Structure formats: C-alpha cells, structure tokens
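Chemist: Okay, so the sequence shown: first residue is 1 according to the UniProt record's numbering, each after it adds one.
Every residue gets a Cβ at the ideal spot worked out from N, C-alpha and C, and that includes glycine.
Here the structure is a predicted model, which is why all the values come from computation and not from measurement.
Can you read through this structure? Questions will come right after.
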Amino acid sequence: MSYLSSVLAGVGFRTRTPAFDPGEEVTAFVSGVQDGAAVIRIGDSRLSLPGVEDPDVLVDERVRVRVEEFDETSHSGSGVLVEVVDGRGL
1 MSYLSSVLAG
11 VGFRTRTPAF
21 DPGEEVTAFV
31 SGVQDGAAVI
41 RIGDSRLSLP
51 GVEDPDVLVD
61 ERVRVRVEEF
71 DETSHSGSGV
81 LVEVVDGRGL
C-alpha cells in the first residue's frame, strides 16, 4: 500500500444532494417557510414540514425530523417534526 493510499483510506466525499429513506430521522436547521410549511435544506435537498402550527417560529431553529417521503429525482420530500433541539424556548 502506498503512502497516499494509506492516507486516503476511508476518505469519502459527501454529495450535495443527499437522499433520505422514509422513517429516517435527520437533524437540521429550518431555513425558511414556503407555502405555509417550514423548510429544511440539507445541501441541495429540501424537506418541507407541513402541519406545523406556526412555521415562522421555527426559522433558524435546529430540529429533528422524521422523513415521511422523499423523491430522489427532485431531491425533495416531506417530514414530521420530532423535536426542537436546543430551542429558544419553544
């Protein structure tokens, strides 16, 4: 094994469009509100959180979300809010 091979062993690159499986839980920041739903973006992938009572309150909050559905072609899906992580008193 060459020196370069040993240095790079186990190194991988992340994609800018990650995919998610239904039931998977992810943690991310809410980046905004679109069409009345809170939106989180992870790379170029987008998850909307419909059904949140006041989505504007969640903007800039770190949340844990359970993925309900995800389309790998459009890199978008929807999820359910599980909890606010380190919230501002929500």
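(1) When DSSP builds the beta bridges, which residues end up paired with A37?
(2) Is the beta carbon of I42 less than 7 Å from the beta carbon of P18?
(3) For V63, which option in G36, R16, S48 has the closest C-alpha, if you only look at C-alpha atoms?
(4) Name the DSSP bridge partner or partners of S78?
Modeler: This is what the structure gives:
(1) DSSP, once it has assigned bridges, lists Q34 as partnering A37.
(2) Contact annotation: I42 and P18 have beta-carbon atoms nearer than 7 Å.
(3) Nearest C-alpha to V63: S48.
(4) BP columns for S78 point to S48, E69.
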